[in-house]
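*Asks:*
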Amino acid sequence: MRRSPPRAPRSTSSRPSCRSGRKSTRRMARCGSRSTRNDEADRAATTPGPVAGSRLRARRTLPLHSRVVSSPGDAGPRARGSRATRSPAPPGDAVPPRVILPVTATSPSALVLRLQEICGDDNVFWRAEDLLVWEYDAGFDRHPPSAVAVPGSADEVAAVVKAAHDAGAAIVPRGAGTGLSGGTIACAGAIVVSTVRLRRIVAIDAAARVAVVEPGVPNLTVSVAAREAGLFFAPDPASQRISTIGGNVGTNAGGPHALRYGSMVNHVLGIEMVLANGEIARFGGTAADLPGYDCVPLIVGSEGTLGIITKIWLRLLPLPEDVRTFVAIFPDIDRGARAASAIIASGVVPAAMEMLDNVTIGALNAAFDVHLPANAGSLLLVEIEGLREETEEWAVSIDRVLRKNGATDVRSAATQAERELLWKARKLGYAALARIKPNNYLHDAVVPRTRMPEVLREVNAIAERYGYVIANMFHIGDGNLHPVLLFDARTEPIDRVMEASAEILKVAIDAGGALTGEHGVGLEKNHFMLWVFSAEDLEAMHRARDAFDPDGTMNPGKIFPGGDACADIPTERTKRALAEGMWV
């Protein structure tokens, strides 16, 4: 039995402007399937770097307390500037069902029929029950697209984009939907174009140290394939089991080993991309010193606002001769943070440096019995890679620096199994925190490493003032801070969570930090962009975007503040979704 279908996508030729409003900026306005993994992949997923890592993602169980209210006669996409309203979550333990009011569309639009011609009926979705899984990512916001197309080749992607362009429909590129910033939420009656069928590793050239892949290939799959060729792929975001290379490129993802090897932008050599008018263009490549503008760094991190990526040329690296992993115990997080800066100041740049605070350590011991020191104020995980002569020298230096800066114990993994166990504890942290409170908000900001101790003190003070438990588990090596606010949405006001979160982000910015380290801006932080950039800065960015997408139809409403492209999604990151919880 089918439920009422959604509104039909726009099929007229008129093309509304979908871009975030430039004038608003000047006014300073705020505005799929699971596959069986081989043993090597499972082993690789427990350890980052040359043996790749992963982060467990645990779904919160509280249901969504909201109701979409739409005009009874609205059969098409929501009118420009209109807004969907949602009822607040009821107090206490009452759990009403999620209600989707019926809409009047009963048959596919002309655009949907054209998409079916291109991709096949089984690869185009427009009915309400089929769109549910496409209306959210791993963040807070949710909104149904008008339709979803799942092309199986670059030519099909180009044809889909051309059809949408001719129909005046906006487009939202989507990978695995693991993003935490609302970057794949459909605004302005947009259609979603998914890359999940583009999953080929086209080539691994071991001699040239280059991999050519399609955007739907999971990060871990590339890591395993590279390792089989005697190489490794450095970017290792915690979601690498399921996040795709296309999504990693879109947000400039990093991971623990970004400290030494950099984020995605340092490992993308070339990009094939479908532009907003349906044309296919290539940027960069494997040849050295290519003439012309280097557009690849502009595309990496653009969150799908410049086009849909259909092929990526990736840089692979030789496996290191020696890898050593250390764990240091400190009486408090302040001394652990100072020790991390002291290691870099000593001239040693580790491959990775991760920090866990006492809340996370306690949660890990309680949930998974990993036998971490229960009285530890913080734990610093340090990994070095290189030639054996180098790592031996660095190991002595690191041990000395750690003890000099207050470490009460320093241990080294004696075997690969011990190394994997240490990284497994790091990866299980978010799952462990889920047992403390049913809801949490995971932050992503960058702070200068030398200012980390004072920032952490301020962040913890904010949480204490608001009465929240906070856990800190993050990439301290490159200053990528991930405080996690823990709360219970059934009894704790959502408004206070949002207020505390904004204060935490402001502390990071005031310390000279950045809005995001690896999760992207998306819808989550676009209204904070004016904390970092002037109106003139954002105007220059708009002009760069216009060169690729003059009509602003590619992923409208993302990154830039202001405008009405996402007027039907509250700019406060959809407080209602906090009542359901999130993925961590």
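Counting in the working numbering, the sequence shown runs from 29 upward without gaps. Glycine included, C-beta positions come from ideal geometry on N, C-alpha and C.
#1: Taking the DSSP output, what are the residues bridged to Pro246?
#2: Could you tell me the boundaries of the beta strand (DSSP E) in which Ser406 lies?
#3: Taking 8 Å as the threshold (C-beta atoms), are Leu159 and Val152 in contact?
#4: Since Gly298 sits in a beta bridge, which residues does DSSP pair it with?
#5: Using only alpha-carbon positions, find the residue among Arg439, Gly364, Ala459 that is nearest to Phe396.
#6: Work out the CA separation of Glu567 and Ala575 for me, nearest whole Å.
#7: State the Cα-Cα distance for the pair Leu509 and Val475, rounded to the nearest angstrom.
#8: If you draw a straight line from the alpha carbon of Phe354 to that of Val241, how long is it in whole angstroms?
#9: Contact between the stretch 344-363 and the stretch 462-474: three or more CB pairs below 8 Å?
#10: Measuring only the C-alpha atoms, how far is Asp385 from Ser440?
#11: How many whole angstroms separate the CB atoms of Gly207 and His547, which I take to be in contact at a CB cut-off of 8 Å?
#12: Kindly give me the distance between the Cβ atoms of Ile389 and Leu407, rounded to whole angstroms, as I take these residues to be in contact under 8 Å.
#13: In the DSSP assignment, what residue or residues form a beta bridge with Phe358?
#14: Can you tell me where the beta strand (DSSP E) with Ile229 in it begins and where it stops?
#15: So Ser529 is in the alpha helix (DSSP H); what residue range does that whole segment cover?
#16: Applying the 10 Å Cβ sphere with the 16-neighbour rule, what's the burial state of His503?
#17: Would the beta-carbon of Gly167 fall within 8 Å of that of Glu331?
#18: Per DSSP, what kind of secondary structure is Asp194 in: helix, strand or coil?
#19: Could you please give the first and the last residue of the uninterrupted beta strand (DSSP E) stretch that includes Asp150?
#20: Leaving out the 5 sequence neighbours to the left and right, which residues in its chain are closer than 6 Å to Gly545 when beta-carbon positions are compared?
#21: Alpha carbons only, please: which of Gly217, Val376, Arg493, Asp360 is nearest the one belonging to Gly405?
#22: In this structure, what does DSSP give as the bridge partners for Asp350?
#23: Can you check whether the CB of Gly329 is closer than 8 Å to the CB of Thr279?
#24: Closest by CA to Gly375, which one among Thr419, Leu558, Ala236?
#25: Within 10 angstroms of its Cβ, does Ala402 collect 16 or more other Cβ (buried), or is it exposed?
#26: Within the chosen definition, does the stretch 246-257 reach the stretch 227-237 through at least 3 CB pairs nearer than 8 Å?
#27: Below 8 Å on the Cβ atoms is my guess for Pro263 versus His295; work out the distance and round it to an integer in Å.
#28: Pro325 lies in the alpha helix (DSSP H); which residues open and close that run?
#29: Given that a residue counts as buried once 16 or more other Cβ atoms are within 10 Å of its Cβ, and exposed if not, what is Asp437?
#30: Going by DSSP in three states, Arg493 sits in which element: helix, strand or coil?
#31: Measuring only the C-alpha atoms, how far is Asp516 from Pro481?
#32: Could you check what DSSP says for Phe515 in three-state terms: helix, strand or coil?
#33: Are Ser267 and Gly217 closer than 8 Å when you measure CB to CB?
#34: Taking the straight line between their C-alpha atoms, what separation do you get for Gly203 and Gly283?
#35: Determine contact between the stretch 577-589 and the stretch 319-328, defined as no fewer than three beta-carbon pairs at a distance below 8 Å.
#36: Would you call the CB atoms of Arg237 and Arg310 closer than 8 Å?
*Replies:* Taking the geometry as given:
#1: For Pro246, DSSP records a beta bridge to Thr272.
#2: Element bounds for Ser406: 406-414.
#3: A distance of 8 Å or more separates the beta carbons of Val152 and Leu159.
#4: Per DSSP, Gly312, Trp341.
#5: In terms of CA proximity to Phe396, Ala459 leads the group Arg439, Gly364, Ala459.
#6: The straight-line gap from Cα to Cα measures roughly 13 Å.
#7: For Leu509 and Val475, the distance between alpha carbons rounds to 7 Å.
#8: Looking at the two C-alpha atoms, the distance is approximately 34 Å.
#9: Counting Cβ pairs under 8 Å, fewer than three are found: no touch.
#10: A direct Cα-to-Cα measurement between Asp385 and Ser440 gives close to 19 Å.
#11: Confirmed, Cβ separation roughly 7 Å.
#12: Rounded to the nearest angstrom, the Cβ distance from Ile389 to Leu407 is 6 Å, consistent with a contact under 8 Å.
#13: Paired residues: Ser406.
#14: Where Ile229 is concerned, the enclosing beta strand (DSSP E) stretches over 229-233.
#15: Start and end: 522-538.
#16: His503 sits buried, since 16 or more C-beta atoms from the chains shown fall within 10 Å of its C-beta.
#17: Against a cut-off of 8 Å, the Cβ pair of Glu331 and Gly167 comes out as no contact.
#18: In this structure, Asp194 counts as helix in the three-state DSSP scheme.
#19: Per DSSP, Asp150 belongs to no beta strand (DSSP E) and is neither H nor E.
#20: Hits under 6 Å: Asp472, Val474, Asn508.
#21: Comparing Cα positions, the closest option is Asp360.
#22: Within the DSSP secondary-structure output, Asp350 pairs in a beta bridge with Gly414.
#23: Gly329 is positioned such that its CB atom lies closer than 8 Å to that of Thr279.
#24: Considering only alpha carbons, the answer is Thr419.
#25: Burial call: exposed.
#26: Cβ pair count under 8 Å is three or more, so yes.
#27: 6 Å between Cβ atoms; contact.
#28: Per DSSP, the continuous alpha helix (DSSP H) segment holding Pro325 begins and ends at 324-327.
#29: Answer is exposed; the Cβ neighbour count stays below 16.
#30: Correct three-state label for Arg493: helix.
#31: In a straight line, the C-alpha of Asp516 is about 28 Å away from that of Pro481.
#32: If DSSP states are grouped into helix, strand and coil, Phe515 belongs with the strands.
#33: No.
#34: In a straight line, the C-alpha of Gly203 is about 18 Å away from that of Gly283.
#35: No: the two stretches stay apart, fewer than three of their Cβ pairs being nearer than 8 Å.
#36: In this structure, Arg310 does not lie closer than 8 Å to Arg237 by Cβ.
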